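Q: Before we start, here is the structure in question, set down as structure tokens.
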Amino acid sequence: MSGRAQIKRLSPGTKEIILKTLLATLAVSTALLAPASAQEAGSRDARGQLDFEGRYIVSVQDADMVSSAYVNGQLGPREGRDTLAVIPLDGDPRDWTASEVFASNSVAGPPAAVDITPDGRLAFVVETFTPRPDDDDPHSFSDKSIGSTLTVVSLANPTAPEVRDRLKIGDRPLAVRVNTTGDILAISYAFEGGSGGQTPMQLFRINADGTLSDPVSPTIEGYPLGEDNIMDMDWHPEENLLAIIDQFGNSMRFARVTDDLAVEPFGNVVDIDRAPYRVMFTPDGSHVVANALYWGPDIAGRWIEAPRGQVVTVRMNAEVSDDGAVRHALVDRVMTGVSPEGLAVSPDGRWVATTNLERSYLPYDDPRITWYSSVTLAALDQETGDLTEIGTFNYDGILPEAAVFDNSGNYLAVANYDHFDDRVAGSSIDFWRIQADPLDPGNTQLIKTEHSVPVARGAHSMVIAR
């Protein structure tokens, strides 16, 4: 006898019970197959959790050139215009988007082309080289001119950044930095930029209304005009004192900035590793961290076949004599991946990270290309300045030049300049998690999550509003 015939002979009450049981079983099965967000309204899927803390990320993008232009000089197809992007960090991370506005900038310099005031209301972007000619013709890097523009952007509404001003400054600016109190702006310059006598630095007062004073070009002891680059600098977290790195002299020096914007040497010059590129104070101001690229004229391709880089720490005020003279000292170093252009220090002082280009930026037909970039993570003892290498973690991306830690120090945002899959337009800000094995705390991993926010092509400098 068929099943259908058996059901027909059941009493109406029995058939109702069977039907209810089948419907209940189907409902449970459907719930088990549904995503977590559908199981309980408002719940979060732990598999996609990203507790990245902060107000918003600000990045700048150079849309004028593909990464391989560093090697063959060919800018490649243009993708839009240079931008400043703002990514508000509220709400569900899966819904984060970037709001962008035009701001001329160039990847051909240190990843220090943008900074913001401590209150997050203003951003400053320097233009190391101008945009390419405004046409669709093929262009080479020589078609770009030396830049001299500072763009001031209002971040009062992070979802709609607005250009407030564009100012003519010195030629070929490299790095831009705002002091801790938000009332002094420092800009460094390449000596190759001007026509002789190029100032290495300019200082501006930031007025209460967000306007800038006329620039002051201070004399800086140890920087003869037209000979050295201040590749990067950083303000002490508690006073108007700068840590400055010399690209060609492989050195770090300290200088106080006076009320009248004079620059006075502070202590000795510290010899550090070769071709320093970024410099950052630790959160308590006791130490300074710098990366070293190991580039130079005696490297094949100048940088293409560079060895692994390093990160060093320098203790400020390592010794103080009876007469008040101070001596700063090199403390420690660890290895990184190849060409560690980007540098980040966590706000709790636990971690240091570098973003390493490897050789991801080479033309696809160059046999030396690495089809990956990497991020190096090191533990930092903020009291002693000692570093412990955690590891170098490879990932599928091109030319990562910048990174920032979130407020918790548990997450890292990395600027990915371009994608190996050329069907994917633009670049991205990718989010990484620091994760220790609960059963093996000594096994710490840096993991690239699936969270990523698209921005215009060419992301290379980045800061966070905390």
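Quick note: the sequence shown uses full-length UniProt numbering, first residue 1, plus one each step.
Cβ coordinates follow ideal geometry from the N, Cα and C atoms, glycine included.
Fair warning: this is a prediction, and the values are worked out from it, not measured in the lab.
Entirely within the stretch 262-312 and at least 4 residues each: give me those alpha helix (DSSP H) ranges in chain order.
A: none
Q: Put V72 into one of helix, strand or coil per three-state DSSP.
A: It should be noted that the sequence gives Asn, not Val, for residue 72. In the displayed model, N72 falls within a helix according to three-state DSSP.
Q: What would DSSP say about I369, mapped onto helix, strand or coil?
A: Note: I369 maps to coil in three-state DSSP.
Q: Between which two residues does the beta strand (DSSP E) carrying D437 extend?
A: S427 to D437
Q: Residues in the same chain with beta-carbon distance under 7 Å from D437, minus the five sequence neighbours each way, listed in chain order, please.
A: Short of 7 Å from the beta carbon of D437, and not among the five residues preceding or following it, lie these beta carbons of its own chain, in chain order: N443.
Q: Mind reading off the beta-carbon distance from M231 to V288? Whole number of angstroms is fine, and I expect it under 8 Å.
A: Contact flag wrong, Cβ pair sits at about 14 Å.
Q: Using the three-state DSSP reduction, which class does P93 fall into: helix, strand or coil?
A: helix
Q: At which residue ranges does the stretch 120-198 contain complete alpha helix (DSSP H) runs of 4 or more residues, listed in the order of the chain?
A: none
Q: In chain order, what residues of the same chain lie with their CB nearer than 6 Å to the CB of Q247, ignoring the 5 residues before and after it?
A: Close CB contacts of Q247 within its chain, under the 6 Å cut and outside five residues either way in sequence, are with N229 and M231 (chain order).
Q: Quick one, are the C-beta atoms of G458 and D62 less than 7 Å apart?
A: Result yes, Cβ atoms of G458 and D62 sit closer than 7 Å.
Q: With distances taken from CA atoms, which of P88, R78 and A123 is nearest P131?
A: R78
Q: Anyone know if the C-beta pair for V125 and V163 falls short of 7 Å?
A: no
Q: Please return the same chain residues whose Cβ sits closer than 7 Å to the Cβ of N327, not counting the five positions on each side in sequence.
A: In the sequence as presented, Asn is not what sits at residue 327; that position holds Arg. G267, N268, A318 and E319, listed in sequence order.
Q: Who are the near neighbours of S140 in its chain, counting only those whose CB is closer than 7 Å to its CB and skipping five residues on each side?
A: G73, Q74 and L75
Q: What's the C-alpha gap between N410 and G182?
A: A direct Cα-to-Cα measurement between N410 and G182 gives close to 27 Å.
Q: Could you round the C-beta distance between V216 and L261 to whole angstroms and report it? I think they count as a contact, below 8 Å.
A: 4 Å
Q: Since I382 is in the beta strand (DSSP E), which residue starts that stretch and which ends it?
A: A small fix is needed here, since residue 382 is Gln in this sequence, not Ile. That residue, Q382, is in no beta strand (DSSP E); it is neither H nor E in DSSP.
Q: By how many angstroms is the C-alpha of P400 removed from the C-alpha of N416?
A: 5 Å
Q: Assuming contact is defined by CB atoms lying nearer than 7 Å, are N356 and T336 in contact in what I supplied?
A: Yes, they are a contact pair.
Q: Could you give the distance in angstroms between the alpha-carbon of T384 and the alpha-carbon of D284?
A: 12 Å
Q: Can you look up P454 in the DSSP assignment and give me helix, strand or coil?
A: Per DSSP, reduced to three states, the secondary structure at P454 is strand.
Q: Between T282, E221, S142 and L241, which lies nearest to D348 when the distance is taken from Cα to Cα?
A: T282
Q: Report the CB separation of L89 from I57 in whole angstroms; it is logged as a contact under 8 Å.
A: 7 Å
Q: So W96 packs on N179, CB below 8 Å; how close in whole Å?
A: Distance from W96 to N179 at the Cβ level is roughly 30 Å; contact not present, criterion being Cβ atoms closer than 8 Å.
Q: Beta-carbon within less than 7 Å of R177's beta-carbon, same chain only, minus the 5 sequence neighbours each way: which residues are those?
A: Cβ-Cβ distances below 7 Å link R177 to D115, A186, M233, D234 and W235 in the same chain, with the five nearest sequence neighbours on each side left out; the list follows chain order.
Q: Can you give me the Cβ contacts of S346 inside the same chain, cut-off strictly under 6 Å, excluding the 5 residues immediately before and after it?
A: F405 and G409
Q: E239 by DSSP, collapsed to three states: which one?
A: coil
Q: Could you name the residues of the same chain whose beta carbon sits closer than 7 Å to that of W295, not counting the 5 residues immediately before and after it, in chain order?
A: Hits under 7 Å: A275, R302, W303 and A306.
Q: Pull the bridge partners of F102 from the DSSP assignment, please.
A: T83
Q: Nearest-angstrom Cα distance between A103 and P441?
A: 44 Å
Q: How long is the line joining the alpha carbons of L33 and A329, rounded to whole angstroms?
A: Low per-residue confidence applies at L33: pLDDT is 49, beneath 50, and the placement is therefore not dependable, though the value from the model is reported in the following sentence. Taking the straight line from one Cα to the other gives about 60 Å.
Q: Using 10 angstroms around the beta-carbon of N105, count the other beta-carbons present and answer buried if the total reaches 16, otherwise exposed.
A: buried
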